Structures are given as structure tokens and as C-alpha cells.
Amino acid sequence: MEDCLFCKIIKGEIPSTKVFENENVFAFKDINPLAKGHILFIHKKHSHDVVEMTQKEPADVAEVFRAISEFALDQKIKEDGFRVVTNIGKHGGQTVYHTHFHVLFGEQLKGFGA
Ligand code: AMP
Ligand code: ZN
């Protein structure tokens, strides 16, 4: 999508620190990290949020989670644990309307009962 920040990051029109890429999925460091490790995983196909993504192409959600799982095993973060978050809409705190999954790791995360 033309005016989408994350579509521009995928195309390399806006710089990012890439940490993972395959045919369908791209991942890069969050510019404002909320934990020692904070990566954003996105599908290369534009969608507004995970609800739209799931309705249009549920297999895309699985592709992103497969990439997150590969990353977690590669980087050996599964043993200590990590968190996956996706914000949806205004109350969810979504600020970029290209579906993305925050992957947070590298320290004890607070909130959600932790
Ligand atoms: P959300 O608030 O869930 O929509 O998450 C958007 C995330 O994108 C925030 O955590 C921002 O820090 C991050 N972000 C915004 N612009 C960039 C950028 N140019 N490069 C990397 N991360 C970004
Ligand atoms: Zn986009």
C-alpha cells in the first residue's frame, strides 16, 4: 500500500534494522523498544489489522507465527520465554495500520500477571 510506513520499510524505502526475512514475512527492530529485545514481525501483504488479515487470508497469520517460531528457536529465546502482542485499533493502542506482531524478550516482562 502506497502510503503505509511498514510497506515502505519492506520495500527498503525507509531504513530499518532487519532481523528476519523470508518470502512472505519481514521482521525488524522496533525504533522505540519496550524491552531489551523488541522486534516487529509483519506479513509482506498489506492488511490493516489482524482481524482483517484473518478474514482475508487466515494462512497469512500462520506464516507470521511460523516465522516468529523459527526466530525464537534460532535466537534461543524460547527457553527463557518471550511475548507476542498485536494491538488492534484505537483502544488497543494501534498506531501503525499495517498488521504487526510485537515480539518482546530478553528480560522479565511485566504486566499480564507476570
Ligand atoms: P503499535 O502501537 O502497536 O501500532 O506499534 C507500532 C510500533 O511501530 C511502535 O512500537 C513504534 O515504536 C514502531 N515504529 C514506528 N515507526 C517505526 C520505524 N520507522 N521503524 C521501526 N519501528 C517503528
Ligand atoms: Zn502496509
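Residue numbers for the sequence shown follow the working numbering, so the first one is 268 and each next one is one higher. We put the CB at the ideal spot given by N, CA and C, even for glycine. Since we're looking at a predicted model, the values are computed, not measured.
Beta-bridge pairing of residue i - partner residues as DSSP gives them
i    : result
E288 : F293
I306 : K296 and V370
R350 : L371
Nearest residue (CA-CA) to residue i, options the options
i    : options                   : result
V370 : G356, H358 and A302       : A302
K312 : I277, F349, T362 and Q361 : I277
L307 : F273, Q342, I344 and H358 : F273
E346 : V292, H315, P282 and Q375 : Q375
M268 : F372, G373, V363 and F379 : V363
A334 : K323, H367 and S314       : H367
Beta-carbon separation (whole angstroms), residue i vs residue j, contact threshold 8 Å
i    : j    : result
I309 : H365 : 6 Å
F372 : G304 : 4 Å
Backbone CA spacing between residue i and residue j [nearest angstrom]
i    : j    : result
F295 : K377 : 23 Å
Q361 : D316 : 9 Å
F332 : A339 : 10 Å
Worksheet item: Taking one C-beta from the stretch 286-293 and one from the stretch 354-364 each time, how about it: are there three or more such pairs within less than 8 Å?
Response: no
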